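Have a look at the structure below before the remarks.
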Amino acid sequence: MKIYDLIGVGLGPYHLGMAALIQESGAFEALFLEKETQFEWHPGMLIDGTDLQVAFLADLVTFANPKSHFTYLNYLHEHKRLYQFFSFKEFEIPRAEYNHYAKWTASQLHNCQYECEVISIHDHKEHGYYEVTVLSTGGETVTYYAKNISLGTGSKPFLPAPAVNVPGLSHSAEYLNVKEDYKKAESIAVIGSGQSAAEIFLDLLESQPYHRYHLSWYTRSSGILQLESSKFGQEFFTPDFTDYFHDLPIENRERALSMLDYVRNGIAPDTLDAIYKWLYHRSSGGEKLKVSIQPNAELKELRMDDGLLHCQFEHKLSNKYFERSFQHIIAATGYEPNVPDFFIKAFDHAKKENDHFAVSRAYHLQFNDQRTHNVYLLTAIEKTHGAEATNMGMAVNRNIHIINKISGREVFKNPRNVTFQSLE
């Protein structure tokens, strides 16, 4: 019976980077299982002209090993784009190119298997390993064994209660799949306050002269707010801040998360500038805009009637209710952690903090019994690890922790004291 040192469930960017670092370093034997047929990264949101909100150094491996074959800079070198990137003079990666870079990396990894849906995990704690059952596309079940498990199933689209299972409404994750059909309508609304909402609104705004739709944007935030991207703000996404955050009592951590919202959510300045310029130019000479933008508007009710989506909003400052109707709605309402039912069932006996898994600084679940075989969590760690939980730049540092822990040695350097601010 073959027992791997690690089995990773799911293959998004976090596990992809881990798989690349493990294969290249030869640290130990690992296997990553993905139910899809190939690696894909948010295919419904690869809008032309959009960029990541993190710098190119926050690729899959650089913070662990800048000399790796799998760095973004080496990807550019391999594709003869290094001089063009130099002339490009931008720090952020185009989203479409990041997806191509990730797929290029995935194509070279031998420790990843696709079309393998994990359906159960059984803890053989007396023997120090886990039994992982996989369902193949042919309907057959296959069993694998590992000393450690890592859950990297990412997030899933979130819709507010009034918007669930409503015809004519799509989550932003499906935008590119529906946008051509939606643009044939008389009216389209975007609901949401973050970067995805802004990018979709801008994309539809640019296309509007060639169509007849009225375009609306509703957000419950107090304004169309810019992401805090100052240099000091970026120090919240460092190992030092994660150390500090994790040591806080759970009540303090929950309170701190809301205080950190300004560095975690918001819209890139370039996107806001582009939207405002379009609005200004198009309104020149008194031209009437077919555009509505309304902050402080929270969706309360939604119903379909006579081919229209009738929305009731509450203005959060005046507490007044108002109604609007649209043919189509795109809900850019974010994502929530995707923790599979089989995982919750398998590890329901793990320690909890306020109904959430208690996760160690080294990213593994905590149990009442002593064990040498661990279960690592790369999703649903916001309340234990703070701002870094969904930050791509810190994903490599998480992988450093896990690889070093399983190896029992320092395979990759884990830096500390990297901030100018005192956090205590």
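Throughout the sequence shown, residue numbering follows the UniProt record's numbering, covering 1 to 424 in sequence.
Backbone N, C-alpha and C define an ideal beta-carbon position, used for all residues, glycine too.
The structure displayed is predicted, hence computed values, not measured ones.
Judged by beta-carbon spacing, serine 25 lies within the 9 angstroms limit of isoleucine 403, meaning their Cβ atoms are closer than that value. Tyrosine 114 is not a Cβ neighbour of aspartate 123, given a cutoff of 9 angstroms.
Your pair glycine 10 and alanine 19 does not check out as a contact, with CB atoms roughly 11 angstroms apart and the cut at 8 angstroms. Runs of the beta strand (DSSP E) spanning 3 or more residues and lying entirely within the segment 47-72 occur at 51-55, in chain order. When secondary structure is reduced to three states using DSSP, serine 207 falls in the helix class. Unbroken beta strand (DSSP E) runs of no fewer than 3 residues, entirely contained in the segment 283-362, are found at 291-294, 297-305, 308-315, 321-326, 328-331, 335-337, following chain order. Under the three-state reduction of DSSP, glycine 152 is assigned to coil, being neither helix nor strand. In the DSSP annotation of this structure, the continuous segment of the alpha helix (DSSP H) that includes tryptophan 104 starts and ends at 95-106. For alanine 256, the uninterrupted alpha helix (DSSP H) segment begins and ends at 250-259. Our two residues, leucine 176 and lysine 147, have alpha carbons roughly 41 angstroms apart in a direct line.
Lysine 80 counts as exposed, since fewer than 16 other beta carbons sit within 10 angstroms of its beta carbon. If one requires a minimum length of 3 residues, the beta strand (DSSP E) runs lying completely within the segment 125-150 are 129-136, 141-146, in chain order.
Here the alpha carbon of tryptophan 278 sits roughly 54 angstroms from the alpha carbon of glutamate 140.
Taking a cut-off of 8 angstroms on C-beta distances, the segment 201-217 touches the segment 273-287, as three or more cross pairs fall below it. Of Met45, Arg264, Gly307, the smallest CA-CA separation from isoleucine 188 is found for Gly307. In terms of Cβ geometry, asparagine 354 and threonine 153 do not form a close pair [threshold 9 angstroms]. Note that the C-beta distance between glutamate 228 and valine 190 is not below 9 angstroms. Excluding sequence positions up to five before and after valine 178, its CB lies within less than 6 angstroms of the CB of Ser170, all in the same chain and listed in chain order.
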